[in-house]
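In the UniProt record's numbering, the protein residues as written are 1 to 115. The beta carbon of each residue, even a glycine, is placed where N, CA and C say it ideally should be. Worksheet: the structure to be examined is printed underneath.
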């Protein structure tokens, strides 16, 4: 691809943002199909899981399109691949974990005996 074609692509993206094209703020929507219908008595749209549809689930129920419900479905759905789960729910580092109660008691006991 030439430089002029690359610059054309960048301008297209910039034009989309200038036009006010609404881009989904949640990266979760890449895993769901957004319906044109709204959830009853709500401002949220109906969503269906793309992984459930690909797996051939007979009855795919619509999901309310808000963040907690979409995350809950990704956590519990058996059809979601491991790679997708790890992307949305990264594993915590060992250094960030809280110490257990027994570890803190042992640390306190060691401090008392040393002084």
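Judged by beta-carbon spacing, residue 64 lies beyond the 8 Å limit of residue 29, meaning their Cβ atoms are not closer than that value.
Nearest in C-alpha terms to residue 50, of all of 70, 37, 43, is 70. Proximity to residue 53 across 86, 26, 78 peaks at 78, based on C-alpha coordinates. The shortest CA-to-CA distance from residue 61 to any of 89, 81, 34, 41 is the one to 34. The distance from the Cβ of residue 37 to that of residue 43 is about 12 Å, inconsistent with a contact at the 8 Å cut-off.
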